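J.:
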Amino acid sequence: MRRRLLVVGLGLVFVATYAAAQVGSQSGADKRRSGYRDMGEALQKMQDDDTANPGMLFVQLGSQLWAKPAGVANKSCADCHGADAASMKGVATRYPAIPAGSDRPLDLEGRINLCRTQHQSADPLPPENLDLLALAAFVAHQSRGLPIAPPADPRLEAFRQQGEEIYRRRQGQLNLSCAICHDDNAGKKLAGIVIPEAHPTGYPIYRLEWQALGSLKRRLRNCMVGIRAEAWPLDAPEYTALELYLMERAKGLKLETPAVRP
Amino acid sequence: MSNILVNAPKTAKRGDVVEIKALIMHPMETGFRPGPNGRIIPRNIIERFTATWNGAEIFAMDMSPAIAANPFVSFFAQANESGTVVLRWTGDEGFAAEHRVDITVA
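Sequences listed follow chains G and X, in order.
Counting in numbering that gives the first Met the number 0, the first sequence runs from 0 upward without gaps.
Counting in numbering that gives the first Met the number 0, the second sequence runs from 0 upward without gaps.
1. For residue 209/G, which three-state DSSP category applies?
2. Taking the Cβ atom as the reference point for each residue, do residue 115/G and residue 123/G lie within a distance shorter than 8 Å?
3. Which parts of the stretch 215 to 239 of chain G are runs of the beta strand (DSSP E), unbroken and 3 residues or longer, counting only runs that do not cross its ends?
4. Where are the alpha helix (DSSP H) runs, 4 residues long or more, that stay fully inside the stretch 32 to 101 of chain G, in chain order?
5. Going straight from the alpha carbon of residue 220/G to that of residue 96/G, what length do you get?
6. With distances taken between CB atoms, is the gap from residue 50/X to residue 19/X smaller than 8 Å?
7. So what's residue 140/G in DSSP terms, helix, strand or just coil?
8. The alpha helix (DSSP H) spanning residue 171/G covers which residue range?
9. Run through the DSSP bridge pairs and tell me what residue 60/X is partnered with.
10. Leaving out the 5 sequence neighbours to the left and right, which residues in its chain are closer than 6 Å to residue 85/X when beta-carbon positions are compared?
11. Measure the CB-CB distance between residue 5/X and residue 75/X and report whether it falls below 8 Å.
12. In the DSSP assignment, find the unbroken beta strand (DSSP E) run with residue 77/X in it and report its ends.
13. Looking at C-alpha atoms only, which residue of 39/X, 45/X, 105/X is the closest neighbour of residue 89/X?
14. Since residue 60/G meets chain X, which of its residues come closer than 8 Å, beta carbon to beta carbon?
15. If you draw a straight line from the C-alpha of residue 68/G to the C-alpha of residue 139/G, how long is it?
16. CB-CB under 7 Å to residue 199/G, same chain, minus the five flanking residues each way: which ones, in chain order?
17. Using 8 Å as the threshold, is the stretch 126 to 135 of chain G in touch with the stretch 61 to 78 of chain G, meaning 3 or more CB pairs across them?
18. Name the two residues that bound the continuous beta strand (DSSP E) containing residue 97/X.
19. Would residue 71/X pass as an interface residue toward chain G - the criterion being a Cβ-Cβ separation below 8 Å?
20. So with CB distances below 9 Å, who are the chain G contacts of residue 6/X?
21. For residue 26/X, which option in 207/G, 81/G, 75/G, 99/G has the closest C-alpha, if you only look at C-alpha atoms?
22. Please classify residue 163/G: does DSSP put it in a helix, a strand, or coil?
23. What would DSSP say about residue 116/X, mapped onto helix, strand or coil?
24. Taking its Cβ as the centre, do 16 or more other Cβ atoms sit within 10 Å of residue 31/X, making it buried, or is it exposed?
25. Do residue 52/G and residue 205/G come within 8 Å of each other at the CB atom, strictly closer than that value?
26. Rounded to whole angstroms, how far is the Cβ of residue 186/G from the Cβ of residue 194/G, which I believe are closer than 8 Å?
27. Whole angstroms are fine: how far does the CA of residue 103/G sit from the CA of residue 55/G?
28. Step through the CB atoms of chain G and report whether any lies within less than 8 Å of the CB of residue 101/X.
29. Could one say the Cβ of residue 27/X lies closer than 8 Å to chain G's Cβ atoms, at least one of them?
30. Name the residues in the stretch 63 to 90 of chain X whose C-beta lies less than 7 Å from a C-beta of chain G; which are they?
31. Grouping DSSP H, G and I as helix and E and B as strand, with all else coil, what is residue 109/G?
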């Protein structure tokens, strides 16, 4: 009897601490801001309205491609993953990840291309290709509103650390690190633009400056060009390393795909 | 195939002013940019957007370069009778797209 009380007691303590931690992460304690919160009200409304958010056009295109057979195998994504794509719910919250039989992480676009080569016997789509972005937007859209949840895979740690090292390294002719802008000066203004905290919550995004949908890679390249650093080639593993670090840093924030950004 | 998203009410009260919002995928090439070979890339834009309600034009708009790729248009119309609203986009390189919505007016 006493033992049972003790167990129940411990259980209650656990429930109490857990509840406190939950509340803590929702109120005050968590000060992280998605780039969404740094935008004006008009752009927030544009993102929130599915018939005003241009990103939704690409999600629609993605849903058409999802059902379209491709490659020598003549199979569609829907043939294996289901017509309604319910199986894709939550997937984008845990990418980049290491696919079975490999030891290197892939971002979501890379994973989609792996399905093209491995399962559809089709050529991989080149980076920033419209169909690839549309498929990624469609897949990530299935996770809209879900918290970013990087996988616990210990093999990812080394890549994530490489990403953090890049994030903190000064580079380019302006000799700045990502951290100087996005940690130390986030919320302040740079040439009239609020510097966001660089959380990858909405990718692929519809960026008004691009007048197009673009990947996180493209966004990162913009920042690198901004500090006059030489951007890595589009297939460089550095982008995935940085994304792994950024996703860990944004853990728990909700996915917004397709986000609108200025 | 054109990708179009339209937001219009399915029903309206006679005399109500309703808002119709339309978004269409289109790349917009301004006609001012030189391509990799140094020559100007030919202009490719949507030139005109029209809306008819049971055949009668209720809204029309000419577009020019630099409005937007994937343009979003929102306009208002008075709901006088049940019927079909036809939205039409036309532009360079023979671009033509159409979307229909039925609105029941009671």
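Where is the CB? At the ideal position from N, CA and C, for every residue including glycine.
These figures come from a predicted structure and were not determined experimentally.
T.: So, from the listed chains and residues:
1. In the structure shown, residue 209/G falls within a coil segment according to DSSP collapsed to helix, strand and coil.
2. The beta carbons of residue 115/G and residue 123/G sit closer together than 8 Å.
3. Runs of the beta strand (DSSP E) spanning 3 or more residues and lying entirely within the stretch 215 to 239 of chain G do not occur at all.
4. Within the stretch 32 to 101 of chain G, the complete alpha helix (DSSP H) runs of at least 4 residues fall at 40 to 47, 54 to 65, 76 to 80.
5. Approximately 21 Å between the Cα atoms of the pair.
6. Yes.
7. Residue state for residue 140/G is assigned as helix, using DSSP reduced to three classes.
8. No alpha helix (DSSP H) contains residue 171/G, which DSSP labels as neither H nor E.
9. The partner list for residue 60/X (beta bridge, DSSP) reads 48/X.
10. Hits under 6 Å: 51, 99.
11. No; because the gap between Cβ atoms is not below 8 Å, this pair is not in contact.
12. Membership of residue 77/X in the beta strand (DSSP E) is indicated by the continuous run 71 to 77.
13. Minimum Cα distance to residue 89/X is reached at 45/X.
14. Contacts between residue 60/G and chain X, judged by CB atoms closer than 8 Å, involve 2, 24 in chain order.
15. Between residue 68/G and residue 139/G, the alpha-carbon positions lie close to 20 Å from each other.
16. Excluding five sequence positions before and after residue 199/G, the CB atoms of its chain that fall closer than 7 Å to its own CB belong to 215, 242, 245, 246, 249, given in chain order.
17. Counting Cβ pairs under 8 Å, three or more are found: they touch.
18. Start and end: 94 to 104.
19. Yes, because at least one Cβ of chain G sits closer than 8 Å to the Cβ of residue 71/X.
20. Neighbours of residue 6/X on chain G, chain order: 48, 49, 50, 51.
21. Taking only the C-alpha atoms, the option nearest residue 26/X is 207/G.
22. Reduced to three states, the DSSP call for residue 163/G is helix.
23. Residue 116/X cannot be examined here, being either before or after the span of chain X that is shown, 0 to 105.
24. The residue is exposed, with fewer than 16 neighbouring Cβ atoms inside 10 Å.
25. In this structure, residue 205/G sits near residue 52/G, with a CB-CB distance shorter than 8 Å.
26. About 7 Å separates the two Cβ atoms, so the contact holds.
27. Residue 103/G has its alpha-carbon roughly 31 Å from the corresponding atom of residue 55/G.
28. False, the Cβ-Cβ gap to chain G never drops below 8 Å.
29. For residue 27/X, the nearest beta carbon of chain G is closer than 8 Å to its own beta carbon.
30. For the stretch 63 to 90 of chain X, the set of positions with a beta-carbon nearer than 7 Å to some beta-carbon of chain G reads 67, 68, 69, 71 in chain order.
31. The answer is helix: DSSP assigns residue 109/G an H, G or I state.
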